[in-house]
Structures are given as structure tokens and as C-alpha cells.
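First to last, the sequence lines map onto chains G and D. The numbering used here puts the first residue of the first sequence at 1, with every later residue one more than the last. The numbering used here puts the first residue of the second sequence at 1001, with every later residue one more than the last. A short write-up of the structure that comes next.
Number of protein chains: 2
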Amino acid sequence: MPCKLQSTPKNDGFRMPGEFEPHKGCWMIWPERTDNWRLGAKPAQKAFVKVAETIAKYEDVTMCVSQNQFLAAREALDPKVRVIEMSSDDSWMRDVGPSFVINDQGQVRGVDWRFNAWGGLVDGLYFPWDKDDQVAKKVCELEGVDYYSLEDFILEGGSIHTDGDGTAIATEACLLDESRNPHMTKEEIEATLKAYMGVEKVLWLPHGIYLDETNEHVDNIVHYCAPGVLTLAWTDDESDPQYTMSKAAYDYLSNERDAKGRKLEIHKLHIPNEVRITKEESEGVDSVDGTLPRVEGDRQAASYANFYIANKAVILPLFGDEVHDKLAMETLQNIFPDRTVEGIYAREIILGGGNIHCITQQQPLG
Amino acid sequence: MPCKLQSTPKNDGFRMPGEFEPHKGCWMIWPERTDNWRLGAKPAQKAFVKVAETIAKYEDVTMCVSQNQFLAAREALDPKVRVIEMSSDDSWMRDVGPSFVINDQGQVRGVDWRFNAWGGLVDGLYFPWDKDDQVAKKVCELEGVDYYSLEDFILEGGSIHTDGDGTAIATEACLLDESRNPHMTKEEIEATLKAYMGVEKVLWLPHGIYLDETNEHVDNIVHYCAPGVLTLAWTDDESDPQYTMSKAAYDYLSNERDAKGRKLEIHKLHIPNEVRITKEESEGVDSVDGTLPRVEGDRQAASYANFYIANKAVILPLFGDEVHDKLAMETLQNIFPDRTVEGIYAREIILGGGNIHCITQQQPLG
């Protein structure tokens, strides 16, 4: 049964597997806060239902729901999606859930990072975040999985990626921001990632996606598809602020090797045409002091890299941009010939500040 | 994954097993309401910890805890007890949890009765009870167990017992009370029990324990120990109002046969000396309009029959009454020679209106 482990995953022979490795299932959280999701979160809930039911075609899905919304969520979701009660402050399971690690014997454990709503009192997106900070523990308890609790290290699951084979990737913009772990040097942060992700090398991108309110999470700009193989959010438009950010990532990755000495194969995923909040969308969100406002005209950090790899499938956000949606579908189908690429129109998710990868968390098969 | 089944357990070949049959584990709920449990429920929580940790020596235990108390309960309980978040209105898992049924292939399903806080607006013990009424569904969802939902039939798990072999037992005082299912005749209620417990015969005791605020639940006066074998709460004191109640049960059971035609073996469990609420105990409980008050001097419905049968053990409430505690321990050890009888001082539980059987719910091994 769950207990706080005193060692580290690396010491104990555990590593965080790649998302493309076999899953036991997927965890999600039901959206409901009306100061982030428009119209009482009803449009977002519909999109989350679509994501959950699509993933459930390929692996088990558990939806965590507050007491208030429990019966409504149970009614809205197909019976094959498990619905359980869990409190949270919003619905970003990637960031608040545990990072799972695994050893060679197939034992699974959890890593319970501390969470401060993407920046705490410096530039966090809402206050308080105490319920979010308990989600990782609760998931591990539910699964009967032992877990490592870091008492003094802030990290969101979406700010790291791994190939499961010795290499992690993150952005300096996020992990080195003063709003996360200002008491630590880059070297100390890197050492912590190595110890708790079970990796030997960390690749550091300077930036993520332009205007990404998470301080530019790595999971919105790149995605590991296999050891040595990455997708990278890209734009050909040199006048777009995203261009220099993606170009810097591309140049860096082109000249780096991973922990195993591999050169990296980089697949560009051109970002969609600009997604901006409409007047109607803005007006559907409660304005609350202390929560990031959703202002008409604000550009959203829309990126196809924010997909989710399920067993035998890839769940890809689409934006109603015919050209780039199609291109992203094709690129991913080429990278994953043995998986079904499922595109889901995800405007209602990006309006809340993230996308399909942000609202999911895989649990590896033990 | 869970879904509402339209048939009945009996139609589908399912039966409710005896409590003495093998368990997968045990479910409990953390006490916290300060208008029922004295001193912020802290003394009761200690007693619940003792019960949970004792049962956990023999089978898996899951403690369901509100968001507010989650971290406190996790700290208070041994790591071998699983702690999960679940809202409720109080802590009586026997009455609000699912009744599990099983078929010959070892498949397990749940029965989700409706719950109205032991009497609803007629003589219920608190208001509201909506969270309690969702507990059975939530447990089934968590376990991935399909369940039958009765939309229009009020029943608490503590108001029924079964031998798992065709016979159920209940009290007329409770099941026929106008506060439960006044729209149904006794015959209709009996037919519902037969259909959802998978039994052929219902034994009807007239009464339960004197002053039992549940309208005299059967689980406080008798307990099936094996097919054909029952314990019965008893008193030799003919001046005690309990005497005529227990005597009526004894006479009835002595002259009845079960569904398989067996005569019943009845073991008397003499009740403890009177347990009355002290001034100090009464003063530790919040006085709240709409919740049953805990008044100094009130006699509690203390009974040794309210034990829990775990795998290889019997968990027995004790009351600090040396003579009767010892007698109950010995009686049960004789009935269960292959199980360890674990006595637990349970005054803090009976002060809340029930005992060890009321706060537990077994899940059969599938």
C-alpha cells in the first residue's frame, strides 16, 4: 500500500518510461471552474468527454470529478470511462498528477512533485492550489502504488518529457523561472530531474510556445515519439515571435545527442493559424480577482505538439485550420504507422490554457 | 466498467454472500461531523483507526475520506490502509455502501439501494443525505463493478443479513416503518429483498435493540455466523425493555426454518451493562437543528452482535464491561474456532449511534 519513499527512483532502479511505451490506462480531471472555462464549463466538458471516450477505445480511462459534478459527469460519459470523486482546483492532470516510474521487474511507482499553479504567488494562474497539490497522492493511493514525495521541489508533469531511455527534455523558460524553484541552481534542478525521472541527460530548450501561460511548458513545443525521435512545433512565418523560439529549439536539438549518443530525428509540426479569444468566448468566463483573465483578442498558445500517445493511437488536437490540421495528421501518421491518429477539435480546451496532452496523464503498464 | 443494470441479481444468477465467506476487502468512511461525534470527531477517529488497522491485519481496507480530512486521515492511518477521497454525510459504510452480490462464476456486482438517513423527513437522523446516497455508486465505480440501482426503494445495508444460502433476515420495526417504503406492502418489500439479495426466504424479527435510532436494524440484534447459525443479543434481566424484544426474536427463530429447511442454532450474546452518554460526552457534540441530539443520560443501543467478520478474524466491539465483554469474546471464539476474535473498545463508536458492523462493509472475493 502507498507510503512515502525516502530514496529516489534512480537509486531504486526506476525510470520514467516514454509515453509511447505500453499504458495501463489514462487519468483525466473533469473541468468545471467557471472563471477559466466559459459557459459554466459545459463546452469544455463536451470536449473532455470526446477526448476521454476516444482514448477509452484504446486503454482504460479514469475521470476524476468533484462531488458537485459527480453525477453529471457520470451521466455525460460512456460507461466504459470510470468516474471517481476527486477534488481539484482545475483540470490539468498532466501537471498535477503523478509522474509514474517503472523498473525492470515491471513494478510501478509514483512521483509526487509539489504544485503551485504554474508560478505560485509570483505568476501563478489561480489561488489557492491546495487541492491540485493533493491529486498525485490520491491517484497513487487509488492505484495502491507507492510514491516518492518531494517536499520542496515545484514541477508540473507538462514541463518535462522523456524518451524513457536515459534522456529528459525541458525548457529553461519554465524550469529556471523564479516562480518555481528560485532556491536552486540549474545544476541542482537538473540533478533532481535525473534522480526522480531516472535519466542521465537533460536537454534544455531555451523556450516553448509564444504566450504560453505555463511559462512555456516543453510539452506544448516538443513531444518524444520514440527514443531519438521528436516532433517540434514550428512556423515558417519569420515575422511570428514563435519563429525564433522554434528555430532556437531546432538548432539546439540538431546539434545535440541524447544520453545514448543518438542524433535526434526532428519532425516539424507547423502551428495552426492564430487562435484568438472571441468576444463571445471572453464574455462566457467569470471574471475573478486572482485568476488569469480570458480577454477578447488574446492569442492562445495553440500547438499540435500537445497530443497524447495512447496504446495503438495518437490523440491529436485540431483547430479548424484545414491546411495545418491535415498536415499535422499526416505527419503523425507517418511517424506512427502502427497507431491510429485520432484528431479531435480542441478549441474549447485551448481556450482554458492547454490541450490534450495537458489534460491527460498515462499510467504505465506494470 | 460500471453501468446501471436493468435486471435483478436473482434474475441474473447472483446472490448476496454471507459475511463469513471470503472477502476481497473492507470499506470504511472516516468520521468527522461535529454534530454527531464529540470533540471534532477526534476520539471517534482514533477508534476508527483501531478498527481499520485491526481489520487490515486480515484483509485489504479502504478508508473513504472527505477532501477536508484527507491528509489528516492519511497521516493517522497505517500505510497498509488505502485512503481515498469520497464525500459523505457521515461514516456508516454498512448503510450507505453497496451490498455486493456474486454468481457461481465468481463475478461480483453491486446493489445500490436508495438511502434517506434512516427515515428521511419522517424520522431521519440528519439532513441532507445526498452525499451518502452516492457512496454505493462511487464504491462500485472505483472497483469497476457493475451495479443495480434501485430508484425507488429505501434500504440500509445494516437492516438486512443473509446466510448466503437462500435466507435473509430483517426486522419489521425497521423495514416496515413508514419512514422507509410506505408505498409498499410487506409482501412487496419481501419480494424486493428476494430479487436483489438473491434469496428464497426472509425471516422477519419483530424488533431489534431497544432505543436503536435506526428503527432497530437487524445487524445490531443478530448476526449470521454460518448457514443455520446465528448470534442473538440477549438479556437475562426481565425488567429491561430489551428482554421482551430479544425473547420475541428467540421464540420466533426457535420455531422457524431457513430456506434450506434447517432449524436454526442460536447463540445468545448477553448485552453489556447500560451505556449512557455522560455530561462531558454530550457537551463535546455540536448542537445543530435537524440532527439527532446526543443528550446526557441517553441510553445507547450497545450490543455485541454488531461485530464484523473478516477473513480469519472477528472484530468485536467491547464496552469496558468486564463480565459481558469476556463472555462475548468466549462465545464468539467458540462459534469461530478458526478465526481470531479481536476485541476493540468501542464506546466512541456507539456514542455516534452504531458500532463496528455499522462502519464496515465487506467486498466479497470474486
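Ideal Cβ placement from N, Cα and C applies to all residues, glycine included. All values derive from a computational prediction rather than experimental measurement.
- G:LYS10 and G:ASN255 have their C-alpha atoms roughly 27 angstroms apart.
- Burial is judged here by how many other beta carbons sit within 10 angstroms of a residue's own beta carbon; D:ARG1299 has fewer than 16 and is exposed.
- By the beta-carbon neighbour count (other beta carbons within 10 angstroms, threshold 16), G:ARG94 is buried.
- In the DSSP assignment, G:CYS174 falls within the unbroken alpha helix (DSSP H) covering 172-175.
- With its beta carbon at least 9 angstroms from every one in chain G, D:ARG1015 lies outside the interface.
- Residue state for G:GLU348 is assigned as helix, using DSSP reduced to three classes.
- Residues of the same chain with a CB within less than 7 angstroms of the CB of D:ASN1116, apart from the 5 flanking positions on each side, are GLY1124, TRP1129 and ILE1154 in chain order.
- Note on geometry: alpha-carbon atoms of G:MET16 and G:LEU150 lie some 16 angstroms from one another.
- The alpha-carbon of G:GLY366 is positioned some 7 angstroms away from that of G:ILE102.
- For D:LYS1080, no beta strand (DSSP E) run applies, since DSSP gives it neither H nor E.
- For the segment 1116-1137 of chain D, the set of residues with a beta-carbon nearer than 9 angstroms to any beta-carbon of chain G comprises LYS1131, GLN1134 and LYS1137, in chain order.
- Pairing G:PRO272 with G:ASP236 gives a Cβ-Cβ distance that is not under 9 angstroms.
- Within a 10 Å sphere around the beta-carbon of G:SER159 sit 16 or more other beta-carbons, which makes this residue buried.
- When Cβ-Cβ separations below 9 angstroms define contact, D:ARG1074 makes contact with chain G.
- In its chain, beyond the 5 residues on either side, GLY366 have a beta carbon closer than 7 angstroms to the beta carbon of G:GLN107.
- Per DSSP, G:ASP338 is not a residue of any beta strand (DSSP E), being assigned neither H nor E.
- For G:PHE70, the nearest beta carbon of chain D is closer than 9 angstroms to its own beta carbon.
- The C-alpha of D:GLU1021 lies about 21 angstroms from the C-alpha of D:ASN1355.
- Within the same chain, ASP1325, GLY1343, ILE1344, TYR1345 and ALA1346 come within 7 angstroms of D:LEU1318 by CB-CB distance, once the 5 residues on both sides are set aside.
- Counting along the chain, no alpha helix (DSSP H) covers G:ARG262, and no H or E run does either.
- Taking a cut-off of 8 angstroms on C-beta distances, the segment 1135-1145 of chain D does not touch the segment 1173-1192 of chain D, as fewer than three cross pairs fall below it.
- From the beta-carbon of D:GLN1067, the residues of chain G found nearer than 7 angstroms are SER87 and LYS131.
- Residue contact check for D:ILE1084 against chain G: a CB pair falls below 9 angstroms.
- Comparing alpha-carbon positions, the option among D:SER1303, D:GLU1322, D:ASP1289 and D:PHE1336 lying closest to D:LYS1312 turns out to be D:PHE1336.
- When C-alpha distances from G:LYS247 are compared across G:ASP90, G:HIS267, G:LYS263 and G:THR278, the shortest belongs to G:HIS267.
- In chain D, no part has a C-beta under 8 angstroms from the C-beta of G:GLY261; the shortest such distance is about 41 angstroms.
- Shown here, D:CYS1225 sits in a strand according to DSSP, grouped into three states.
- At a cut-off of 9 angstroms between beta-carbon atoms, G:LEU365 makes no contact with chain D.
- Between G:LEU150 and chain D, the shortest Cβ-Cβ separation is not below 9 angstroms.
- With a cutoff of 9 angstroms on beta-carbon distance, G:SER91 and G:ILE309 are scored as not near each other.
- Nearest in C-alpha terms to D:VAL1083, of all of D:THR1192, D:GLU1238, D:ASP1060 and D:ILE1350, is D:ASP1060.
- At least 9 angstroms separates the beta-carbon of D:SER1282 from that of D:ARG1033.
- Taken in chain order, the unbroken stretches of beta strand (DSSP E) that lie wholly in the segment 176-252 of chain G and span 3 residues or more are 201-205, 222-226 and 229-234.
- The C-alpha of G:ARG257 lies about 22 angstroms from the C-alpha of G:THR244.
- Under DSSP, G:TRP27 takes part in a beta bridge, and its partners are G:THR62 and G:GLN361.
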